[in-house]
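Chains as they are written, first to last, in UniProt numbering: chain P, 1 to 761; chain C, 1 to 761.
No residue lacks a Cβ here, since even glycine has one placed at the ideal position from N, Cα and C.
Below: one structure, written as structure tokens.
2 protein chains.
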Amino acid sequence: MRRFLLSAFLSSAVPAMAQENIIQYVKPITGTQRMGHTYPGATVPFGMVQLSPETDTIPYEMNGKYNPDVYKYCAGYQYEDKTIVGFSHTHFSGTGHSDLGDFLIMPTVGRLQLNPGTADHPESGYRSSFSHSTEVAEPAYYKVKLEDDNILAELTASNRVGFHQYTFPGTGQAHIILDMMSGIYNYDNKNVWTFIRVENDTLITGFRQTNGWARTRIEYFAMVFSKPFVQYGQQNNAKDVYKGFWRKFDQSKNFPEMAGRQIRAYFDFNTAPGEKIKIKLALSPVSTEGALKNLREEIPGWDFEQVKRDGQALWTKELNKIHIESGSKEEKENFYTAMYHAFINPTTYMDVDGQYRGLDMNIHTANGYTNYTTFSLWDTYRALHPLFNVIQPKRNADMIRSMLSHYEQSAQHMLPIWAHYANENWCMIGYHSVSVIADAIMKGNAPFDVNKALDACVTTARHRSYDGLEYYIDRGYIPEDKNGSSVSKVLEYAYDDWCIAQVAKKLGRSDIYEEFIKRSGNYKNVYDSNTGFMRPKLNDGSFKASFDALQTHDQGFIEGNAWNYSLYVPHNPDEMITMMGGKKQFTAHLDSLFTMELPDKYFAETEDITRDGIIGNYVHGNEPSHHVAYLYNWTGQPWKTQERVRMILKKMYHPGPDGLGGNDDCGQMSAWYIFTTLGFYPVCPGADQYSLGSPAIDKATLQLENGKTFVVDVKNQSDKNVYVQKVQLNGVPLNRLYITHADIMNGGTLTFYMGAKPRKG
Amino acid sequence: MRRFLLSAFLSSAVPAMAQENIIQYVKPITGTQRMGHTYPGATVPFGMVQLSPETDTIPYEMNGKYNPDVYKYCAGYQYEDKTIVGFSHTHFSGTGHSDLGDFLIMPTVGRLQLNPGTADHPESGYRSSFSHSTEVAEPAYYKVKLEDDNILAELTASNRVGFHQYTFPGTGQAHIILDMMSGIYNYDNKNVWTFIRVENDTLITGFRQTNGWARTRIEYFAMVFSKPFVQYGQQNNAKDVYKGFWRKFDQSKNFPEMAGRQIRAYFDFNTAPGEKIKIKLALSPVSTEGALKNLREEIPGWDFEQVKRDGQALWTKELNKIHIESGSKEEKENFYTAMYHAFINPTTYMDVDGQYRGLDMNIHTANGYTNYTTFSLWDTYRALHPLFNVIQPKRNADMIRSMLSHYEQSAQHMLPIWAHYANENWCMIGYHSVSVIADAIMKGNAPFDVNKALDACVTTARHRSYDGLEYYIDRGYIPEDKNGSSVSKVLEYAYDDWCIAQVAKKLGRSDIYEEFIKRSGNYKNVYDSNTGFMRPKLNDGSFKASFDALQTHDQGFIEGNAWNYSLYVPHNPDEMITMMGGKKQFTAHLDSLFTMELPDKYFAETEDITRDGIIGNYVHGNEPSHHVAYLYNWTGQPWKTQERVRMILKKMYHPGPDGLGGNDDCGQMSAWYIFTTLGFYPVCPGADQYSLGSPAIDKATLQLENGKTFVVDVKNQSDKNVYVQKVQLNGVPLNRLYITHADIMNGGTLTFYMGAKPRKG
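Written out as structure tokens, the structure reads:
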């Protein structure tokens, strides 16, 4: 009883008490080294602004060829780097391809330098050396000393406004550089057009229009200084820009209308020693007028500390949705850092008045919902959106509304594949919007027109010219010689089709059900019973002759080899297991996967995971195997699931820069961590079941949006006690290896009793 | 009495009766040969769409250098040409520099060709031969036979929608080409970005964004076909365009989302013999959504003939504002063609809902007025806007509101100099918005905040970094060695400043009056009494030593030589005459101007007028001398004004392709014709007086917007009887050489009695 009261006290009093506690466990620096592709800068949950340092801005292309080194800079920051180029306002978190890096700002003193210089010789440009010893990265706050010029840089943000605070030495030569050329995954012609207006001596507006991963992207800004500049100017590397009668003016200095493709502007100030120059820069997908609206509504004043406090309070509120009790600081840091990374993307993509830019480049208004962008759906349909259905159901429904708006605005009549900033970028495979929509509908989190949503799914899945679908529809498989990565595509289409079938069944639309439940069996068409692997077929119907089941490249798969990908039938593990020789043979396959020695040569060409992202031949740093450790639940050996998931948690996640074994992929890697730590995982989104694993905390309290509380109470767990001995749901023994979505949403307690030995049979 | 009744009958019955009669006198082909720079295509009065053929689309640059031949194609059409490349939707009328030519459409049959081909070998591309014998150019209607493919092309337009009607032969290979690369004054990088969406099998939307005369211009369209296409495709010359994951698709055929810098799209049809394919293409400065709104509101149906009738009815209404009686068909053709050309620019620049793009690239709404663009103010302040104050006062006030909006949106806080499509292009000199505003205020046509308007004028005139103004303000002249064309600038600034002073005086703002009336005397600072000419001074205060008063280039003037430009003190002819040695000497100067033989060498480099645009050394093809023939009224020899203006009317204006002796300049040349034909001219806009000349018609009836009628009744005029014997206003002898604006607006009759001999003294 006493314990209950304490628990009740905790859960209601959490907001005040936990504020300090929870924030401290978030380490935004996690994953900034090597392959995590996270960024350390300031953002609020699902915020439009991600204000973060760029440690290099190397070009996407060198001499017309792709520059593989650029890959490191997907998020603009690499922990090993010694210099900072500046602070820009948009970043992806954890992606494996990139864009953005808009509106780079850098403070300098002394002689004005308008080129960034090189990492080896930061003094040759405006960049500066820095040291991690002066660096602080917290949710909604980032601080670093720019050593070359002795400037303290601090950043915070609201949803749509980045707030900079630069503490200068005393000088008559303080500069703020606004580099419109800089960008992530940049190249000479990436800027289609840029435009700056100096509206008065504190207000600057403009836009940057790019052609990159997003083909036609335009982002607007409005930026104010806390004090008037003394003078300003630009270096306009007017490549291919028509000068016309603008030549009448000396546009290099104090000329308020700048436009072109290669502009770097600067603003000069005098500063007293220790004087702070503050900058607020608001974004808008709509217009500079929209950016100004955002700026004035979100941060009307100049209180940096208050904005930081507000940002951290937002984080505290979101992080408190799951309160964990655990002995280890490291586990808390892992957990709340994962929560942090899970709550960054998708990002808000509308102005404070609800206006946003659509795929048709027209301005639309989001009526009654928040419009989001940055949908890395091949990654996030697996665990991130299911996690949202549990602890962010309102946002998840809004994300689906945003996806349906995308569909309505798409001239191709397609739901998003990988979408960002009013663009489809067509990255990766499948049509996993369908999974996200089905998961929400099947779990009852669908405050939108479900029949229209189903129509959007069906139209998308029937789009014959999309990525091998014509073959898939006509023949049930995709010839590898017609369309590469064919097996991955068939397997994922089959799963997505199952999702559509589930929704159709629920809505009583039997024609659609029949069509898509049939398609969902297409995975069988690429199974080669001779080798025991999924295997690419050719146009003539034969299996591709040369075939290396360990090789990731050119074998019919993408971001995975046949060993891993062959296990991808999340909607029907039982049938898959039967097809692959029954439970015993399948278990042996799984065991080998986790224990075999993968020759180095198979790792050599893998670009998006670190060596640590692999256990045996099990690849966790990429997504296709994220459900695999749970498959032992279907082979009668759940203790192996329990053992494996604990191993993966331990091996793959650490707090600290190198703490992620692969791209965080907009939160998918983190969402896996959260579910698995809680002891259950959505092996098949679109079904309402969560497969049980081995909870890695002592207790977790989920504050649900419906006002209920779901507690995972774990008795006797430890690094050794990873095996589940028994499970109770609300005190009643649970005689199944899963819980349902309703079990969670109804509130209650799931109690795990743990021990050091597997409980077999 | 009987005559009075007939006249009353005519003026009220004119709309019905004159409809047929007036339209027939308009010859849009006038000025399409050589230097007129007019276009023959379809437009409605002040319409957003100017749908007209391009007879060539030669590049603005060749091998990185300006291509002087492009100058001929300012309006896209040259009468001598033998081929038509296609029909685009935006054209300037009569300008001396260019841009536009948006969304070129061309119908073809047979083998698909996506390059325009050459004029010498039209069969090498999609262009076609044509002949003037099949060409019909009327207000709001254009027709021509495209001979190569046996297609009859017909064009008409509403304000914002171009309507094409193509009559095809029977074929399974009919094509409509939409060339997004094509443009007037085009070059490789002029397209910053273009974007097309095939929304369904009849609807296409998109935009074209360019960097040219307008630095940052974007124009949207929505286009519908009268029947569905069979298939479509694109040639995307993807120069510098990032392809990314769009490579998944075959984008060349039936791919509905096109973007890049070098796109030519095509749409294929089957046609029965004589089948018409119709296209409606709506423009918008705001968005494709705006274009669709415009399309649906302005032309919901498909009745080409009705749209043509509606367009011609709009013309009839405008043309009827001045009803002339004259014996000669040629005079009527001259007059109504001039009226037509005067009523094309400025053009409507807002959607049907009042939204338009501002100079800040934000979307604004014109509340309670029509927003206009294309302000060729150095030309049009002289006679076109004064003409509007008489017969288009409402539109003129709206044009000024548009100019004030431009000012409010200008980061430089400048009224327009030469503005088009949400851009300032800074062409030519002065700040003649000020004159247009002053003229309206002084004539009582100012339904806007006059004090704010004065502030805008003052801020503009104090803009020190604009085109030599800092010198002008500080020293009263501009050193030619610091800023070229210095004398022209000083003279025009001085006049503009006088305009500001008049408004300030009227509004009782004496500080401003004092400042600007003083500045208005600056013309004296560039008068060289030794030579008797205005003459450039250098930074050291001395006159430039080498000086050729006949030469137009590099002598301190622009589009005029010292002989012509020295007469430019419109606000104080009396003082100017005194300064230049008194009436006798001044009269001798004027006489010489009109009668001297100008050596050919002085004409060789003049690009924007024809040899016919010169009488002696008097240049009518450019604007600075447009008031000069009227100056005899100040020397006591008004009969010479009467003689000269009749000579100019005869020599410089003819119906027919070569009917204009220089660029029509957005209607300024035509407005000069209209005023002068009526017998009076605004020598000094901003003053409310019109200087009397020699009316060249028998009678003119001006239908004023205030409901009154002003009649110019001319007794006994003929080609020989050009001399005014006496003048009566409402039957009372007029003992002055001018009438006032009030004289006109009060209604009444101005009666000229003409004779064959000068009436001296």
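Taking the beta strand (DSSP E) that Thr194/C falls in, what are its first and last residues? 191–198
According to a CB-to-CB cut-off of less than 8 Å, which residues of the stretch 232–258 of chain P neighbour chain C? Asp240, Val241, Tyr242, Gly244, Phe245, Trp246, Lys248, Phe249, Asp250, Asn254, Phe255, Pro256, Glu257
Coarse secondary structure for Lys650/P, derived from DSSP in three states: helix
Residues that Asn730/P contacts on chain C, provided the C-beta gap is smaller than 9 Å: Per Cβ cutoff of 9 Å: no residues; Asn730/P is ~48 Å from chain C at best.
8 Å Cβ cut-off: residues of chain P touching Phe195/C: Thr216, Met361
Inter-residue spacing [alpha-carbon to alpha-carbon] between Lys482/P and Leu538/P: 8 Å
Sequence-distant residues of the same chain with beta carbon closer than 6 Å to Gly36/C, five excluded per side: Leu660, Asp664
Which of the residues in the stretch 284–295 of chain C, read from start to end, lie with their CB under 8 Å from any CB of chain P? Ser287, Thr288, Glu289
Assuming Ser88/P is part of the beta strand (DSSP E), what are its boundary residues? 86–88
Looking at Val161/P and Ile299/P, is the spacing between their C-beta atoms short of 8 Å? yes
Could you name the residues that DSSP lists as bridge partners for Lys537/P? Phe543/P
Go through its chain and collect everything with a Cβ distance to Glu135/C's Cβ below 6 Å, but skip five positions before and after it. Val144
State whether the stretch 259–270 of chain C contacts the stretch 325–334 of chain C, with contact taken as three or more CB pairs (one from each stretch) at a distance under 8 Å. no
Under a three-way DSSP split, which group does Tyr477/P fall into? coil
Verify the CB distance criterion: does Cys427/C have a CB-CB separation below 8 Å to chain P? yes
Exposure of Arg127/C, with buried meaning 16 or more beta-carbon neighbours within 10 Å: buried
If distances are taken between C-alpha atoms only, which option among Phe304/C, Asn334/C, Asp398/C, Leu319/C comes closest to Pro346/C? Asp398/C
At 8 Å on the CB atoms, spell out the chain P contacts of Gly212/C, in chain order. Tyr242, Gly244
When you compare the CB positions of Gly64/P and Ser52/P, do they come within less than 8 Å of one another, or not? no
With 8 Å as the threshold, decide whether the Cβ of Ser7/C is near any Cβ in chain P. Because the pLDDT of Ser7/C is 41, which lies under 50, any placement of that residue in the model is unreliable, and the number read from its coordinates should be weighed accordingly. Not one chain P Cβ lies under 8 Å of Ser7/C.
Tell me which residues share the same chain as Gly47/P and place their Cβ nearer than 7 Å to its Cβ, disregarding the 5 neighbours each side in the sequence. Ala157, Asn159, Thr347, Thr348
Contact criterion: CB-CB distance below 8 Å. Does Ser465/P meet it with respect to chain C? yes
Applying the criterion that 16 or more other CB atoms from any shown protein chain within 10 Å of the CB defines a buried residue, is Thr365/C buried or exposed? exposed
Cβ-based contacts, 9 Å cut-off: residues of the stretch 735–754 of chain C near chain P: none
State yes or no: is the beta carbon of Ala42/C nearer than 8 Å to at least one beta carbon in chain P? no
Report back the beta-carbon spacing between Glu54/P and Tyr77/P to the nearest angstrom; my notes put them in contact at under 8 Å. 7 Å
Can you name, in chain order, every residue of its own chain whose Cβ lies under 6 Å from the Cβ of Thr374/P, other than the five neighbours on each side? Asn345, Pro346, Thr347, His420
Against Glu199/C, what residues of chain P qualify as contacts under a CB-to-CB distance less than 9 Å, listed in chain order? Asp360, Ala411
Here's a check: name, in chain order, each residue in its chain whose Cβ is nearer than 8 Å to the Cβ of Tyr493/C, leaving out the five neighbours to either side. Gly430, Tyr431, Ala461, Leu469, Tyr472, Arg519, Asn522
Contacts around Ala137/P, its chain only, beta-carbon distance under 7 Å, and the 5 residues preceding and following it disregarded: Pro28, Ile29, Pro40
Measuring only the C-alpha atoms, how far is His175/C from Ser670/C? 39 Å
Consult DSSP for Asp528/P and reduce its assignment to one of helix, strand or coil. strand
Per-residue contacts from Val490/C into chain P (C-beta, under 7 Å): Within 7 Å Cβ-Cβ: nothing; Val490/C doesn't reach chain P, min ~16 Å.
Report the neighbours of Val192/C on chain P: residues whose CB is nearer than 7 Å to its CB, in chain order. Val192, Trp193
Please report how far the alpha carbon of Pro15/P lies from the alpha carbon of Asn320/P, in whole angstroms. Low local confidence applies: a pLDDT of 43 at Pro15/P is under 50, so the model's placement there is unreliable, and no value is given.
For Glu275/P, which residues from the same chain have a beta carbon less than 6 Å from its beta carbon, with the 5 sequence-adjacent residues on both sides left out? Phe168
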